[in-house]
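These notes concern the structure reproduced below.
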Amino acid sequence: MPLWKIQASAPVQEARPVLFLDRDGVVNADRHYLSDPQQVEILPGVVEAMIKARKSGYWLVGVSNQSGLGRGRFTLDDFQAVMTELDRQLQRHGVSFDAFFYCPHAPSDDCSCRKPLPGMLQETSEHLTWTSAGSWVIGDKKSDVSLGRDAGLGGVLVLTGYGESQRLLVEESWPEDPMVKIVPDLSAAVDWILSLKTEEQT
Ligand SMILES: [Mg+2]
Ligand SMILES: [Zn+2]
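Take the sequence shown: its position 183, counted from the start at 1, is 183 in this note's numbering, and no numbers get skipped.
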């Protein structure tokens, strides 16, 4: 499974919960097959939310379907350039992903890593020690929520990417499901997850 980066500084033996973050429409503005580094725009509140989660003891792991690679819409060099720019912008604000996995396949490739299949979660275990308790997948599509829910973590839908159409799909699929939450954006997702943690402790 392709791994874009793992932080050299990560103390790999320390078990922590993970926030698995989808990329497009969650961390950066969705540009539909984003392939130009100049189009990388981090969404409002994302840096602060990532810093807050990191301080609260979560690994930050990117999990991104990049079927544009498998479909020939852009090259691996384009993808690398986008990731380098995204990372540069995040690091400038003092935060970064602990690891970042991507699925380079087209749907017709029948791979095991394309969300909602759990390949990228399994791969995470090869690189980081993490606990499923307290871990969530956060994304802007039903497939992100499905990944988290089916893996027994939980899924949070944010509305900063695909928006309403996915909200309806998620509501329809899992009404009143405690492992599914819908919030406006990543900032609200992190605040909600941290509020659960506080509830558990009190
Ligand atoms: Mg997305
Ligand atoms: Zn794949």
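Built from N, CA and C at the ideal position, the CB exists for glycine as well.
Using only CA atoms, which one of the options lies nearest to residue i?
i      : options                        : result
Ser67  : Gly57, Gln91, Asp177, Leu34    : Leu34
Val170 : Phe101, Val183, Val145, Pro178 : Val145
Ala154 : Gln166, Ala53, Ile182          : Sequence inspection shows Gly at residue 154; the Ala mentioned does not correspond to that position. Of the candidates Gln166, Ala53, Ile182, the one whose C-alpha sits nearest the C-alpha of Gly154 is Ile182.
Asn28  : Lys197, Asp140, Trp192, Ser165 : Asp140
Asp150 : Arg54, Gly161, Asp36, Leu121   : Leu121
Asn65  : Ser125, Ser173, Pro107         : Pro107
Glu48  : Gly72, His105, Cys113, His93   : His93
Met50  : Leu194, Thr198, Glu200         : Leu194
Going by beta-carbon coordinates alone, are residue i and residue j separated by less than 7 Å?
i      : j      : result
Asp24  : Asp30  : yes
Phe74  : Trp4   : no
Gly148 : Trp136 : yes
Leu186 : Val63  : no
With DSSP run on the structure shown, which of helix, strand or coil describes residue i?
i      : result
Phe101 : strand
Lys141 : coil
Ala189 : helix
Pro118 : coil
Phe20  : strand
Val61  : strand
Ala133 : strand
Val82  : helix
Locate the beta strand (DSSP E) running through residue i, then write down its first and last residues.
i      : result
Leu168 : Premise fails: Leu168 lies in the alpha helix (DSSP H), 164-173, not in any beta strand (DSSP E).
Val156 : 155-158
Leu3   : 3-6
Val26  : Neither: Val26 is in no beta strand (DSSP E) and is coded neither H nor E.
Which residues bound the alpha helix (DSSP H) around residue i?
i      : result
Val224 : Given that the chain is displayed from residue 1 to residue 202, the structure contains no residue 224 and the question cannot be resolved.
Val40  : Premise fails: Val40 is in no alpha helix (DSSP H) and is neither H nor E.
For ligand 4, I want to know if residue i counts as a neighbour, meaning its beta carbon is within less than 6 Å of at least one of the ligand's heavy atoms.
i      : result
His105 : Among the ligands in the structure shown, ligand 4 does not appear; only ligand 1 and ligand 2 can be found there.
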